[in-house]
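Novice: Provided herewith is a single structure, encoded as structure tokens, for subsequent inquiry.
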Amino acid sequence: MNYFMNIDWKTNIGKLRAALFENTIFLSLAMLTFLQPATELLGEFDIVFDLMKVACLLLILPCYIFYNKKSVVSYVIIFMQFVFLTSTILNQGRVWWSLVQFASIVLLVMLFDVGLKYNHFLKRIFPISLSMLLLCVLSMFVFFPEGMYVVDYSQTPSVAGSIVTDNYLWGFDNSSIFRVIPVLMLVGVYLYRQNKEWHFISLVFITASAFGYVRSFAAFFSLVFLFFALILYKKFPNLIRKYFTFRNSFLLVLAIFIFLSFGRSNFIMYYIAEQLDKVGSMFYRFTVWQLSIDYVLTNNPILGVGFANQSIDIARTLMDHPHNIFIDVLYRGGLIASASYMYILWLTHKYTTNKTNTDTILATIFFFTFLLASQFDYYNNEYLHFSFYICFSYFGGFYKSSRINT
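For the sequence shown, my numbering begins at 2 and goes up steadily by one.
The structure is reproduced here in structure tokens:
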């Protein structure tokens with residue numbers, strides 16, 4: 002009896018909860034690494050995989066809430082996903098499908114939050130990350146070098162009768178690309194943690210993980226812009242600190258929204274889009290941005306459309322999102338999600354103004370440029386930019402526990 006009385010139940014329950022949480026999220030990473038490609042190859046068992054994702058979420062989320070109470074960025078992201086989930090159910094009635102989307106993204110958010118906060122957990126992730134990279138490289142060069150998909154555009158009026166074979170880089174369907182991008186980020190962070198002198202190498206990993214898969218003019222011009230931003234920062238650091246503020250960033254985004262909200266009478270936008278479209282098709286996204294804003298403001302400005310599955314057709318069939326992160330958030334979650342996203346951007350800028358750390362300031366510039374200029378051709382882009390927010394929030398040191406060595 003005395004034995005049980007002397008046990009520190011609070012401490013032991015806390016350790017059990019921590020062990021359950023960390024091992025469950027580690028197993029969910031292994032599942033995302035090996036099980037999903039198998040289901041994609043076989044074309045079967047998708048429902049089993051979806052059930053496992055939802056089950057993992059139900060196991061991890063309660064522990065996460067009690068175990069990580071200061072992860073502000075992560076909680077804002079999860080709240081945004083809940084807004085997307087609610088909007089999808091209300092607008093489209095797709096309960097199970099939207100719940101699986103919600104589970105997929107929130108699991109990755111929690112993975113990054115825990116993986117970047119605790120070094121011992123990051124060490125466990127590193128070997129499985131390398132195996133994931135190997136699997137994807139093998140799929141691209143060995144298993145399916147010719148590509149898996151034959152896309153028939155015969156139903157699209159602008160390209161009637163043409164048949165295109167696309168590799169999607171990694172052999173599996175395009176969602177497998179997102180298995181690689183978070184891995185490269187984690188590898189970069191691991192190198193950064195091991196030796197800060199390697200931080201340039203780690204940033205190369207992270208940058209390559211973002212822009213390497215996009216294969217677009219948007220990625221190229223974003224990198225060019227960042228290159229000039231680096232030069233300006235090196236030459237005029239005080240100028241950057243003075244004018245690269247949250248207020249100015251917010252005013253720029255607001256000006257773009259107002260400019261695009263004039264509707265079809267905005268002949269200036271159409272003229273610019275038509276001229277720039279001669280250089281690269283990504284510039285025609287200006288028109289998609291405007292139509293997306295019109296659609297949201299007309300249908301549901303508060304909650305948005307949700308995880309939309311419809312296309313916005315502008316002389317061709319496009320994917321279901323407007324190819325710009327700020328407008329994408331407005332399109333999916335309305336004004337509520339947009340306000341949440343701006344709150345994260347405000348946190349980033351607020352921390353930047355209080356630091357002289359070069360990595361932090363450049364990361365903030367990187368964020369804003371990436372969010373404003375990026376083009377996404379895949380509907381699950383949350384995997385990418387949400388991971389970026391968490392990743393760079395730890396580079397910047399938002400949380401005191403970001404350097405825990407347990």
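Glycine included, each C-beta is placed from N, C-alpha and C at the ideal position. It should be emphasised that the depicted structure is a prediction, and the values quoted were computed from it without experimental measurement.
1) In chain order, what residues of the same chain lie with their CB nearer than 7 angstroms to the CB of K54, ignoring the 5 residues before and after it?
2) What is the DSSP secondary structure of V306, counted as helix, strand or coil?
3) Under a three-way DSSP split, which group does K54 fall into?
4) Let me check understanding here. Comparing Cα to Cα, which of V330, I366, V306, A340 lies closest to T89?
5) Measuring CB to CB, does F327 end up less than 8 angstroms from S99?
6) Less than 8 angstroms between the beta carbons of F258 and I294, yes or no?
7) Which residue marks the beginning of the alpha helix (DSSP H) containing L243, and which one marks its end?
8) Would L94 be called buried (16 or more neighbouring beta carbons within 10 Å of its own) or exposed?
9) When burial is assigned at 16 or more other CB atoms within 10 Å of the CB, is W415 buried or exposed?
10) Using the Cβ count rule (16 or more neighbours within 10 Å means buried), how would you classify L117?
11) Quick one: give me the first and last residue of the alpha helix (DSSP H) that K118 is part of.
12) Output the distance between the C-alpha atoms of A338 and P238, rounded to the nearest integer angstrom.
13) In the DSSP assignment, find the unbroken alpha helix (DSSP H) run with N92 in it and report its ends.
14) Can you tell me which of F85, N69, V96, F83 puts its alpha carbon nearest to the alpha carbon of F113?
15) Spatial neighbours of I78 within its chain, please: CB distance less than 6 angstroms, with the 5 preceding and 5 following residues excluded, ordered by chain position.
16) Assuming the contact rule is C-beta atoms closer than 8 angstroms, L348 and V74 should be a hit. Round their C-beta distance to whole Å, please.
17) Could you check which residue in L59, F247, F80 has the C-alpha nearest to that of L304?
18) L91 and F247: beta carbons closer than 8 angstroms?
19) Where V115 and I66 are concerned, what is the direct C-alpha to C-alpha distance, given to the nearest angstrom?
20) For K351, name the three-state secondary structure that DSSP assigns.
21) Quick one: grab the DSSP three-state call for N249.
22) Can you give the Cα-Cα distance for C57 and D51, rounded to whole angstroms?
23) Is N300 helix, strand or coil when you go by DSSP?
Specialist: Considering the structure as presented:
1) So the qualifying residues of the chain are V101, A104, S105, L108.
2) For V306, the secondary structure class from DSSP, reduced to helix, strand or coil, is coil.
3) helix
4) V306
5) no
6) yes
7) Reading the sequence as shown, one finds Lys at residue 243 and not Leu. 238-244 is the span of the alpha helix (DSSP H), which, as asked, contains K243.
8) A small fix is needed here, since residue 94 is Gly in this sequence, not Leu. So G94 counts as exposed.
9) For residue 415 there is no data in the structure shown, the boundaries of the chain being 2 and 407.
10) Buried, by the Cβ-count rule.
11) 96-118
12) 33 angstroms
13) 73-93
14) It is N69.
15) V110, F387
16) 7 angstroms
17) Out of L59, F247, F80, F80 has the C-alpha closest to the C-alpha of L304.
18) no
19) 12 angstroms
20) In this structure, K351 counts as helix in the three-state DSSP scheme.
21) N249: helix per DSSP, three-state reduction.
22) 10 angstroms
23) helix
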